[in-house]
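Engineer: One structure coming up, written as C-alpha cells, with questions to follow.
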C-alpha cells in the first residue's frame, strides 16, 4: 500500500506491537457530532500477530498522526483474512449517565465527563458561556455534551467541535479549524458532487418556547416568528421547554436567527486526500452549483478517507446554512 502508510496494533495484554500485512483498503471516517471516529481495515493472519478486542490501533500517513483508537470488532473469512473495526475515544461517549450541574461551561462539562470515564483530554478551549443549570437524566454522554454545546451556540453564536485528536479529546471553535488555501475544492479537483437545498430538516420560521410556572400552574409562551418566511414556506414551528432561569425572548430570537433559512448540503466525491479534512474542519470551496456560485469556506459534516493501492481519495459532506458564515 505504499511506504506512506503505517498501521500498528498494540496488544494491551501481552504488551506487543504488530505491524500487520494489510489487504485491500484502509478507511477512516469522522462525523462532526454524535459519532466516534472509525478506522476499518483487513489484515492477513500470520503466525505472529495476536490481538483482541480492546487492543490499540495506531494509523499514520506520510509521517503524520491520523488515528489512535481501539479494536471493537473483528471477523474473519475462510482464507483467514481478519476484518477489523476500531473506534477512537469518542466511542465511550455512547455510555449513558445522569448529571445535574450548575454554572458550568461546555468545556468544563467535557472535562467532568472525561474525568469520570477515564478519558484522556487535550486542548479543551474555554467556551466562556456558563450554563445556568442543567439536569441530564439517563442520557448518552454524547447528548449531554451536545446539549451544552447547543446552549453555548444559542447564547454566543459560536460553534465548537469535539473530536479525538490522536488519542486526546479536543474541543475547538470551528473558526480555528479552517484548512488553509493550499487545499481548495474546485471544479477541477472534484470528480463529482451532489448538491441539495432543503427546508425539510432543521429549518424553522416560528420558535415557540414555554415555561411551566409552578406558582400559577400556568404555561407561559414566548413566540418569535418571521412572517415573510411563513408566507413562502408555511409555518415551520419548533417548540421547546425552557428552564425557569433562561431568558425566553433572547433565546427565541437567537434560535430564529439560526434556523430561519434553508439548509444547503454538498457532497464532494473522489477528491485527492488531505488528512486535515476531518469532520469539524472547514475547507475553502469554489464551485458553480447551478443556483449559486460558491466561493468560501464550508464546514465538513462527514469525511470518508480511503487509502488503497497507492491512492488516497476522500468523500466530504459539506454544510453551510446560508453560505455567509461558518456558524
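Numbering (my numbering), first residue to last: -5 to 321.
Using N, Cα and C, we set each Cβ at its ideal position, and we do this for glycine too.
Keep in mind the model is a prediction, meaning the values are calculated, not measured.
Taking the C-alpha atoms as reference points, what is the distance between residue 290 and residue 264?
Structural biologist: Reading the chain shown from its first residue, position 296 is the one you call residue 290. Reading the chain shown from its first residue, position 270 is the one you call residue 264. C-alpha separation (whole angstroms): 20 Å.
Engineer: Report yes if the C-beta distance between residue 52 and residue 14 is below 7 Å; otherwise report no.
Structural biologist: Numbered from 1 along the chain shown, position 58 holds the residue referred to as residue 52. Numbered from 1 along the chain shown, position 20 holds the residue referred to as residue 14. Not a contact, by the Cβ cut-off of 7 Å.
Engineer: What residue range does the alpha helix (DSSP H) around residue 236 cover?
Structural biologist: The sequence position of residue 236 within the chain shown is 242, counting from 1. Looking at the DSSP string, residue 236 is not in any alpha helix (DSSP H), and its letter there is neither H nor E.
Engineer: Could you tell me the distance, in whole angstroms, from the CA atom of residue 72 to the CA atom of residue 39?
Structural biologist: Position 78 of the chain shown, counting from 1, holds the residue named residue 72. Position 45 of the chain shown, counting from 1, holds the residue named residue 39. Going from the Cα of residue 72 to the Cα of residue 39 covers about 11 Å.
Engineer: With distances taken from CA atoms, which of 273, 177 and 46 is nearest residue 10?
Structural biologist: The residue given as residue 10 occupies position 16 in the chain shown. Residue 10 has its Cα closest to that of 46, out of 273, 177 and 46.
Engineer: Classify residue 64 as buried or exposed, calling it buried when 16 or more other Cβ atoms lie within 10 Å of its own Cβ.
Structural biologist: Along the chain shown, read from residue 1 onward, the residue named residue 64 stands at position 70. With 16 or more Cβ atoms within 10 Å of its Cβ, residue 64 is classed as buried.
Engineer: So, with DSSP's three-state summary, where would you put residue 105?
Structural biologist: Residue 105 sits at position 111 when you count from the first residue of the chain shown. Here residue 105 sits in helix by DSSP.
Engineer: Would you identify the three-state DSSP class for residue 277, choosing helix, strand or coil?
Structural biologist: The count along the chain shown starts at 1 and reaches residue 277 at position 283. Three-state result, residue 277: strand.
Engineer: Taking only runs that begin and end inside the region 102 to 188, name each unbroken alpha helix (DSSP H) of 4 or more residues, in chain order.
Structural biologist: Listed in chain order, they are 135 to 150.
Engineer: Comparing C-alpha positions only, which one of 198, 89 and 294 sits nearest to residue 110?
Structural biologist: Within the chain shown, residue 110 is the residue found at index 116, counting from 1. Measuring from the Cα of residue 110, the nearest candidate turns out to be 89.
Engineer: Is the separation between the beta-carbon of residue 294 and that of residue 55 shorter than 7 Å?
Structural biologist: Position 300 of the chain shown, counting from 1, holds the residue named residue 294. Position 61 of the chain shown, counting from 1, holds the residue named residue 55. No, these two residues do not count as a Cβ contact at 7 Å.
Engineer: Quick one, which of 62, 148, 257 and 236 has its alpha-carbon nearest residue 79's?
Structural biologist: Taking the chain shown and counting its residues from 1, one reaches residue 79 at position 85. Nearest option by C-alpha distance: 62.
Engineer: Going by C-alpha distance, which of 248, 256 and 22 is nearest residue 151?
Structural biologist: The count along the chain shown starts at 1 and reaches residue 151 at position 157. Cα-wise, what sits closest to residue 151 is 248.
Engineer: Can you tell me whether residue 320 is helix, strand or coil according to DSSP?
Structural biologist: For the purposes of this step, residue 320 is taken as residue 326 along the chain shown, with counting starting at 1. Model confidence at residue 320 stands at a pLDDT of 34, short of 50, so the residue's coordinates are unreliable; what they give is reported in the following sentence. Here residue 320 sits in coil by DSSP.
Engineer: Note down, in chain order, each residue of its chain lying with its Cβ closer than 6 Å to the Cβ of residue 206, except the 5 sequence neighbours on either side.
Structural biologist: Numbered from 1 along the chain shown, position 212 holds the residue referred to as residue 206. Hits under 6 Å: 213.
Engineer: Evaluate residue 2 with the Cβ neighbour count: other Cβ atoms within 10 Å of its Cβ, from every protein chain shown; 16 or more gives buried, anything less gives exposed.
Structural biologist: Your numbering for residue 2 matches position 8 in the chain shown. Looking at its Cβ environment, which holds fewer than 16 other Cβ atoms inside 10 Å, residue 2 is exposed.
Engineer: So, for residue 319: in the same chain, excluding its five sequence neighbours on each side, which residues have a beta-carbon less than 7 Å away from its beta-carbon?
Structural biologist: As a first step, residue 319 is located in the chain shown; it is residue number 325 there, counting from the start. Only weak support is given to the placement of residue 319: the predicted model assigns it a pLDDT of 35, under 50, and the question is left unresolved by the model.
Engineer: If you count every other CB in all the chains shown that lies within 10 Å of the CB of residue 316, and 16 or more means buried, which is it?
Structural biologist: Numbered from 1 along the chain shown, position 322 holds the residue referred to as residue 316. Residue placement at residue 316 is poorly supported in this model, since its pLDDT is 47, which falls under 50; the coordinates still yield a value, given next. Residue 316 comes out exposed.
Engineer: Using beta-carbon positions only, say whether residue 275 and residue 173 come within less than 7 Å of one another.
Structural biologist: Stepping through the chain shown from its first residue, residue 275 is reached at position 281. Stepping through the chain shown from its first residue, residue 173 is reached at position 179. Contact: yes.
Engineer: Give the DSSP-derived three-state secondary structure of residue 313 in the structure shown.
Structural biologist: In the chain shown, residue 313 corresponds to position 319, counting from 1. Strand.
Engineer: Going by DSSP, what residues sit across from residue 225 in a beta bridge?
Structural biologist: Position 231 of the chain shown, counted from the start, is the residue given in the question as residue 225. According to DSSP, residue 225 bridges with nothing at all.
Engineer: What do you get for residue 7, buried or exposed, if any count of 16 or more other CB atoms within 10 angstroms of its CB means buried?
Structural biologist: Residue numbering aside, residue 7 sits at position 13 when the chain shown is read from its first letter. Residue 7 should be labelled exposed.
Engineer: Expressed to the nearest angstrom, what Euclidean distance is found between the alpha-carbon atoms of residue 17 and residue 303?
Structural biologist: Along the chain shown, one-based indexing puts residue 17 at 23. Along the chain shown, one-based indexing puts residue 303 at 309. Roughly 10 Å between the two C-alpha positions.
Engineer: Identify the residues that DSSP records as bridge partners of residue 65: which are they?
Structural biologist: Position 71 of the chain shown holds residue 65. Answer is 80.
Engineer: Please state whether the Cβ-Cβ distance between residue 165 and residue 153 is less than 7 Å.
Structural biologist: Within the chain shown, the letter at position 171 stands for residue 165. Within the chain shown, the letter at position 159 stands for residue 153. Going by C-beta atoms, residue 165 is not nearer than 7 Å to residue 153.
Engineer: As a quick exercise: from 314, 143 and 299, pick the residue whose alpha carbon is nearest that of residue 28.
Structural biologist: Your numbering for residue 28 matches position 34 in the chain shown. Measuring from the Cα of residue 28, the nearest candidate turns out to be 143.
Engineer: Consult DSSP for residue 200 and reduce its assignment to one of helix, strand or coil.
Structural biologist: In the chain shown, counting from the first residue as 1, residue 200 sits at position 206. Of the three classes helix, strand and coil, the one that applies to residue 200 here is strand, per DSSP.
Engineer: If you follow the beta strand (DSSP E) that residue 300 is in, where does it begin and where does it stop?
Structural biologist: As a first step, residue 300 must be located in the chain shown, where it is residue number 306. Note, residue 300: beta strand (DSSP E), 287 to 302.
Engineer: From the DSSP output, in three-state form, read off residue 213 for me.
Structural biologist: Here residue 213 refers to the residue found at position 219 of the chain shown. Reduced to three states, the DSSP call for residue 213 is strand.
Engineer: Should residue 192 be labelled buried (16 or more other beta-carbon atoms within 10 Å of its own) or exposed?
Structural biologist: Start at 1 with the first residue of the chain shown, and residue 192 comes out as number 198. Label assigned to residue 192: exposed.
Engineer: Tell me which residue opens and which closes the beta strand (DSSP E) that residue 23 is part of.
Structural biologist: Indexing the chain shown from 1 puts residue 23 at position 29. Where residue 23 is concerned, the enclosing beta strand (DSSP E) stretches over 15 to 25.
Engineer: Measure the alpha-carbon distance for residue 257 versus residue 104 and round it to whole angstroms.
Structural biologist: Looking up residue 257 in the chain shown gives position 263. Looking up residue 104 in the chain shown gives position 110. If I take the Cα positions, the gap works out to 28 Å.
Engineer: Can you give the beta carbon distance from residue 322 to residue 121, rounded, assuming they're within the 8 Å contact cut?
Structural biologist: The chain is shown from -5 up to 321; residue 322 falls before or after that span and cannot be answered.
Engineer: Where do the ends of the beta strand (DSSP E) carrying residue 41 lie?
Structural biologist: Translated into the one-based positions of the chain shown, residue 41 becomes position 47. No beta strand (DSSP E) contains residue 41, which DSSP labels as neither H nor E.
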